[in-house]
Each structure stands twice: as C-alpha cells, then as structure tokens.
Amino acid sequence: MIDIQSPPPAWIAPAPPGMVELELSLSQIDLLCRTLGAAAAEGKQIFGCSMWGSGGCLIIVPKIGRVSSMEDQARVREHEVAHCNGWKHEDR
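According to our numbering, the stretch in the sequence shown is residues 1378 to 1469, in order.
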C-alpha cells in the first residue's frame, strides 16, 4: 500500500474543470515529479504530483499493476485533486 497523506475533508471535492490525469509507473512518477520541482524527504519516493498550467491542472498518478493497486491509485488521485483545488501541505 502506498503511504500518502489524506487531504483534510474540506479539500476533498470534484476535480476542477480542465484537469488532466497522467498514469505512469512509480519510477517514472518519482523521476518526472522531481524534475518538475516536487520534493520528498531523503529516502522517500514520490507517488504522485500535480501542477497548474495554461490549460488547467495536471495530476500524475500511478498505473494500476504489480506495484500499485486500484486503491493506491484512488488515494493518490484524491490527494492530487485536493492540490488542484488549492490544498497545501501544512508542513510546507
């Protein structure tokens, strides 16, 4: 199971208009998200990320497969959609 923080209930909402979702392997997500500026504690893997662009919000979530389950993907999607809706981590 992927260890990712659940957003506060106030930030759990439908995806904003124009949101695009990209599904990648966990190794691709970690590399791409770090390249795009996401950070994680030393030794921690990045399981998803989100960013706003001219066309809307892009979220990157894990593909369902050997390593990531449907539940993992849904938890990462919920986390990243909350970021698209304006949620920020409290420790940032």
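Cβ atoms here follow ideal geometry from the backbone N, Cα and C, with glycine treated the same way.
CB-CB length for residue i against residue j, believed under 8 Å
{"i": "His-1456", "j": "Ile-1381", "result": "5 Å"}
{"i": "Lys-1440", "j": "Glu-1400", "result": "5 Å"}
{"i": "Phe-1424", "j": "Leu-1403", "result": "7 Å"}
{"i": "Gly-1433", "j": "Pro-1391", "result": "Contact flag wrong, Cβ pair sits at about 13 Å."}
{"i": "Leu-1379", "j": "Arg-1452", "result": "According to the sequence displayed, residue 1379 carries Ile and not Leu. The Cβ separation is near 6 Å, so the contact holds."}
Residue i versus residue j: straight-line alpha-carbon distance, rounded
{"i": "Cys-1461", "j": "Ile-1437", "result": "11 Å"}
{"i": "Val-1444", "j": "Ser-1427", "result": "21 Å"}
{"i": "Gly-1387", "j": "Arg-1454", "result": "Before going on, a small fix: residue 1387 reads as Ala here, not Gly. Roughly 16 Å separates the two Cα atoms."}
{"i": "Cys-1410", "j": "Pro-1385", "result": "23 Å"}
{"i": "Gly-1420", "j": "Ser-1383", "result": "20 Å"}
As assigned by DSSP and simplified to three states, the class of residue i
{"i": "Glu-1467", "result": "coil"}
{"i": "Met-1447", "result": "helix"}
Neighbourhood of residue i by C-beta, 7 Å cutoff - its chain only, sequence neighbours within 5 removed
{"i": "Met-1447", "result": "Ile-1441"}
Interface flag, residue i vs chain C, CB-CB below 8 Å
{"i": "Asp-1407", "result": "The chain labelled as chain C is not found in the depicted structure, where only one protein chain is given."}
Neighbourhood of residue i by C-beta distance below 8 Å, restricted to the same chain and skipping five residues each side
{"i": "Gly-1430", "result": "none"}
{"i": "Leu-1413", "result": "Cys-1426 and Met-1428"}
Close beta carbons around residue i, own chain, < 6 Å, minus the five adjacent residues each side
{"i": "Val-1458", "result": "Ala-1392"}
Of all the beta strand (DSSP E) runs that stay within the bounds of the region 1381 to 1441, which reach a length of 3 or more residues? 1397 to 1401, 1426 to 1430 and 1433 to 1439
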